[in-house]
Amino acid sequence: MSNRGVETPFRRVAADFAESRLAVAGLVTLILILIVAIGAPLVSPQNPYDLATLDIMDSKLPPGGQSLDGMTFWLGSDDQGRDMLSAIFYGLRISLGVGTLATVCALAIGLTVGLIAAWFGGWVEAVIMRLVDLQLSFPSILIALVLLASLGQGVDKIVIALITVQWAYYARTVRGAALVERNKEYIEAATSLALPTSRILFNHLLPNVLPPLIVIATVQVAHAIALEATLSFLGLGMPITSPSLGLLIANGFTHLMSGKYWISLYPGIALLATIVSINLVGDQLRDVLNPRLQK
Amino acid sequence: MTVLSVENLKTHFFTKAGVVKAVDDVSFSVDAGKVLGLVGESGSGKTVTGFSIMGLVDPPGRIVSGRVLLEGHNLPDHSDDAMRKLRGDRIAMIFQDPMMTLNPVLRIDTQMMETVLAHRAVSRDSARELARNALGRVGIPSPDERLKAYPHQLSGGMRQRVASAIALLNNPRVIIADEPTTALDVTIQAQIIYEVQKLARETGTAMVWITHDLSVIAGLADDVCVMYAGRIVESGPTADLLDHPLHPYTAGLIASIPSRNQRGKPLHQIPGMTPSLLRLKPGCAFRDRCPHADAVCEQAPEITCPAPARTLRCFHPMTALEEIT
Amino acid sequence: MVVFITRRVLQSVIALLVMSALIFIGVFAIGNPIDILINPQADQAEIARATAALGLDQPMWVQYWEFLRHAVTGDLGRSFSQNMPAVQLIFERMPATVELALCAMLFAIVLGVPLGLVAGIKPDAWYSKTIMAGSIFGFSLPTFWVGLMMIMVFSVYLGWLPSTGRGHTTQLFGIPVSFLNWDGITHLMMPALNLALFKLSLLIRLTRSGTREAMLQDYVKFARAKGLPMRRIVGVHVLKNIMIPIVTVIGLEFGSLIAFAIVTETIFAWPGMGKLLIDSINVLDRPVIVAYVLIIVCLFVIINLVVDLLYSMLDPRVRLAEARA
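Protein chains in written order, with my numbering: chain A, 1 to 295; chain B, 1001 to 1325; chain C, 2001 to 2325.
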């Protein structure tokens, strides 16, 4: 270990993170994707959902094809003459937005519930943890499907479904971490000072259970995005008015058999790049933040 | 007759942070039926010495130079497969922690019989018979029952006996015992030491007994080598060495053993800590903790023979006067 | 052991009751059961008849009891679209799904465990890194998209494999199966591989991390010191230890395979219960949806029970601890 510069925790984590070139590549890709997703209206060649700019005559052009008014469709166009590249940029925005929103909400719920379980113990904990166990014993896709089958379609419904399938992971992780922390001396000290429970929970316990949670949340965003795409593909996710990547892929499915691969392929690659880069970053973060693997 | 002799053995670990000279120019030899004690603090390289003899040093470590002669054959020259055939057959090892060395999900008979079957073309029945006999030899009552047990059903002492029995199974020429009794109760420790010593004498097996505990060595070993920071700093016949230690480190070790006639006095301590092998300075490794150290000690001391059968690596050995105080 | 089994079975029954209560609340209490259970095109008279027949004027617990009583006798309503009992419809589709899931699990085990072992024994080798990079992709690739790409490559461009349906089936003990004739196998190949992909990655990672951890254990080093060949160390000592978590995961993941088959079956038009569920959701055939959920809950509870029992059989430590408890 070199002693160059001051060794702050952040620098250490950053240095350890940079040790894996794959993870750095993932981080760069992820940042690019985020820029494209957030700035979709600015970087897209076309607003794919402004019907005025679409021309049915341009439909199903192969990648590199020219539209009637001279625009190049670098990734081809779909059955409505929509530029796939623009559609993907907008789709990324929707997929990432829904995935992140659901994850943040689930994180907040799981965190609160997990802390409550760990702090109060007794029957409160027993009931919560049994519920968590029960839910985690069923695959997320099944729970989401059943929920959506009874709730119906809509952006809000899918966010609810994604929150429902995720919260239990966080609750379990938070409780585990909090139980370990709870027995440590600084909490004992805080308790003996008769600080209010809420203050101990949020000012003392929370910062210490956060690192493992952040890692899980990173990877869970990827899961949420994949799940949303799957549900949308099955026709139970996003409504046609908010075309996420999954919906784009589903739309291309019907044209796949006639060899028009690009309508499904490119949104899929965008989805894959997003998920892989998030997973690479998450994996490396976990290794870096996990004290058990430190040499 | 010399069974095992180690000559100028160097085993180094090539880590990212630098080269760790875990074993640095170590030499000793053991005769048939004799016990050699290899004494040192943790991190002095005694376990790596044992693994080097067994050919079990894993990357980033490797034997850099030196010879390990088993009945005249140089072990590091052997191929991996030839070495594997010797291990557990001609040369065996007992590990420190009996809780960890036996596989938790395999029955004792499986773990014993496979050791026989890996080296000899015998039937499973005769392998089981050999296993039962070996358990009997290390003093395990009702061996048939024990054979069917899983490790977690046995006590620590019992498990270490099983491990010893496994080492004895194929009548090896050499057994390397790496602190086999450290994790056990004192009474069980004494029993096992007694049994192992008896077996070594009876079968003519040479033993290398690795320990940090001089009092174990006193009652067990014929000869002693004292290791410090990867080197043997002193060696000699046990009684002679314990009565007349020449190296200040050995003297310090002996002084720090609690005994009856020292009651009421504070126990001796060697000041300072074992040096990190990664940042070892040239010269005598003990000089920072040594009461005798001076400028000369910044050069590495060579091996000398101050008395018959004794070796020493020190510029300033203990004098007769100091021993009395 | 008997106590242990009885207690597990009891726990399963309780889990089943809880889940059925949740489903009951979801279907009967929150939603309007008339909407859910009766054809949306039904007229006023039919709704009145159904309300009486369902006993909706009864208190909640009576209704739950009735629901349970019907469920136990296998009466979960009739499918509107197929005009037959929902349970029967699902059981008709079940063999196709189970065959698909078993075949996928077989792919995952046969490929995943050996690859994981290889990657775990030499974690720094280039091939291990390749395997791990592959498994990251396997984890990240959305199943449905991989399925589409498989169809594109193998059916549309290469024309090697059929993209839809189950193909020719052969009767085995009165159950139609695909894997006994060539046409069936060609139909089964792509969906099974598609479904296996995620579990394959999971098994690779699980086996690798288990192997890595096991290889560092003392019992592996001791096994090496016994002179056992690498084959036996990996194949018996390591594998038997990591088998416990692997079997647990294989068992638990089998349920999730059946759930994920929903996606694969939809892509490849595989006539299993997953496709039935999606079709039923699309035509709002609610009795089938309720029946599917209840049956799959039963399936999960049974799988969990079997895994628990298997686990206790595999790990001698659990077996003993449970016997004492």
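Each residue gets a CB set at the ideal place from its N, CA and C atoms; glycine is no exception.
> Can you find a CB in chain C that lies within less than 8 Å of the CB of residue 1331 of chain B?
Replying inline: The first residue shown for chain B is 1001 and the last is 1325, placing residue 1331 of chain B beyond what the model contains.
If you draw a straight line from the alpha carbon of residue 113 of chain A to that of residue 2231 of chain C, how long is it in whole angstroms? Whole-angstrom Cα-Cα distance: 48 Å.
| Supposed contact pair residue 1170 of chain B and residue 1408 of chain B - C-beta distance, whole angstroms, cut 8 Å | Because chain B here runs from 1001 to 1325, residue 1408 of chain B falls outside it and cannot be looked at.
Would a check of beta-carbon distances place residue 293 of chain A closer than 8 Å to chain C? For residue 293 of chain A, the predicted model reports a pLDDT of 46, less than 50, meaning its position is unreliable; a value from the coordinates is still stated below. Cβ-Cβ to chain C under 8 Å: no for residue 293 of chain A.
- Query: Does DSSP put residue 2139 of chain C in a helix, in a strand, or in coil?
  - Reply: Helix.
| field | Beta-carbon separation (whole angstroms), residue 229 of chain A vs residue 245 of chain A, contact threshold 8 Å | value | With a Cβ gap of about 6 Å, residue 229 of chain A and residue 245 of chain A count as contacting.
Task: Three CB pairs or more closer than 8 Å across the segment 1060–1078 of chain B and the segment 2204–2211 of chain C - done: Result no; under three Cβ-Cβ pairs closer than 8 Å.
Check: Which word fits residue 3 of chain A, buried or exposed, when buried means at least 16 other C-beta atoms lie within 10 angstroms of its C-beta?
Finding: Legend: pLDDT at residue 3 of chain A = 46, less than 50; position of this residue unreliable, no value from coordinates given.
is_contact[residue 2218 of chain C, chain D] using C-beta, thresh 8 Å: The question asks about chain D, but that chain is absent: this structure's protein chains are A, B and C.
Look at the alpha carbon of residue 2287 of chain C and the alpha carbon of residue 2074 of chain C, and state the distance between them as a whole number of angstroms. A direct Cα-to-Cα measurement between residue 2287 of chain C and residue 2074 of chain C gives close to 12 Å.
query: Of the residues that make up the segment 1103–1122 of chain B, which ones have a beta carbon closer than 7 Å to any beta carbon in chain C?
result: Sequence-ordered contacts of the segment 1103–1122 of chain B with chain C read 1103, 1104, 1105, 1106, 1114, 1115, 1118, 1119 [C-beta pairs closer than 7 Å].
Q) Distance, Cα to Cα, residue 22 of chain A vs residue 287 of chain A? A) Approximately 13 Å between the Cα atoms of the pair.
Where does residue 2134 of chain C sit, in a helix, a strand or coil, going by DSSP?
Here residue 2134 of chain C sits in helix by DSSP.
### Query
Which class does residue 1228 of chain B belong to by DSSP, given the choice of helix, strand or coil?
Residue 1228 of chain B: strand per DSSP, three-state reduction.
Span of the beta strand (DSSP E) holding residue 1002 of chain B?
In the DSSP assignment, residue 1002 of chain B falls within the unbroken beta strand (DSSP E) covering 1002–1015.
Handout entry: Near the ligand FMN: residue 1187 of chain B beta-carbon under 7 Å from a heavy atom
Key = Looking for the ligand FMN in the displayed structure turns up nothing, as the structure carries no ligands at all.
Helix, strand or coil for residue 1063 of chain B, going by three-state DSSP, please let me know. When DSSP states are grouped into helix, strand and coil, residue 1063 of chain B belongs to the strand group.
Proximal residues to residue 2233 of chain C (C-beta, below 8 Å), its chain only, five neighbours per side dropped: Once the five neighbours on either side are set aside, the close Cβ partners of residue 2233 of chain C are 2220, 2223, 2224.
- Message: Using beta carbons (cut-off 8 Å, strictly below), is residue 1088 of chain B in contact with chain C?
- Response: Chain C contact via Cβ: present.
Pairwise C-alpha distance: residue 1167 of chain B and residue 135 of chain A:
When rounded, the distance between both Cα atoms is 51 Å.
Shortest alpha-carbon distance to residue 239 of chain A belongs to which of A:32, A:29, A:47, A:95?
Nearest option by C-alpha distance: A:95.
Members of the segment 1052–1079 of chain B that neighbour chain C once the beta carbon cut-off is set at 7 Å
Listed by position, the residues of the segment 1052–1079 of chain B near chain C (Cβ gap below 7 Å) are 1054, 1056.
| request: Give the straight-line distance between the Cα atoms of residue 2325 of chain C and residue 2145 of chain C, rounded to the nearest whole angstrom. | output: Note that residue 2325 of chain C has pLDDT 41, beneath the 50 cutoff, so the model's placement of it is unreliable and the number below is only indicative. Residue 2325 of chain C and residue 2145 of chain C have their C-alpha atoms spaced approximately 48 Å apart.
* Report yes or no: do three or more beta-carbon pairs, one from the segment 1016–1025 of chain B and one from the segment 1041–1056 of chain B, lie closer than 8 Å? => Enough Cβ pairs lie closer than 8 Å, so yes.
- Item | Minimum Cβ-Cβ distance from residue 2112 of chain C to chain B less than 8 Å | No, because no Cβ of chain B sits closer than 8 Å to the Cβ of residue 2112 of chain C.
- Query: What runs of the alpha helix (DSSP H), each 4 residues or longer, lie entirely inside the segment 1271–1319 of chain B?
  - Reply: Counting only runs of 4+ residues, no alpha helix (DSSP H) is found wholly inside the segment 1271–1319 of chain B.
According to DSSP, is residue 1221 of chain B helix, strand or coil? If DSSP states are grouped into helix, strand and coil, residue 1221 of chain B belongs with coil.
At what residue ranges does the segment 2230–2272 of chain C contain a whole run of the alpha helix (DSSP H), taking only runs of 4 or more?
Unbroken alpha helix (DSSP H) runs of no fewer than 4 residues, entirely contained in the segment 2230–2272 of chain C, are found at 2239–2268, following chain order.
query: Taking the runs of the alpha helix (DSSP H) that are 4 residues or longer, which of them lie wholly in the segment 1052–1125 of chain B?
result: Listed in chain order, they are 1080–1086, 1098–1101, 1108–1117.
| message | When you compare the CB positions of residue 1139 of chain B and residue 1195 of chain B, do they come within less than 8 Å of one another, or not? | response | It is a contact, given that the beta carbons lie within the stated cut-off.
Exercise for the section: Within 10 angstroms of the Cβ of residue 1187 of chain B, are there 16 or more other Cβ atoms? Answer buried if so, exposed if not. Expected result: Residue 1187 of chain B sits exposed, since fewer than 16 C-beta atoms from the chains shown fall within 10 Å of its C-beta.
Give the interface partners of residue 137 of chain A over in chain C, defined as CB-CB distance under 7 Å, in chain order. Those within 7 Å of residue 137 of chain A in chain C are 2300, 2304.
Exercise. So residue 219 of chain A packs on residue 278 of chain A, CB below 8 Å; how close in whole Å?
Worked result: About 7 Å; that satisfies the 8 Å criterion.
For this session: State whether the segment 2141–2157 of chain C contacts the segment 250–259 of chain A, with contact taken as three or more CB pairs (one from each stretch) at a distance under 8 Å.
Result: Here the segment 2141–2157 of chain C makes contact with the segment 250–259 of chain A; the two share three or more CB pairs at distances below 8 Å.
### Message
Judging by CA-CA distance, which residue of B:1203, B:1159, B:1019 is the nearest neighbour of residue 1003 of chain B?
### Response
Out of B:1203, B:1159, B:1019, B:1203 has the C-alpha closest to the C-alpha of residue 1003 of chain B.
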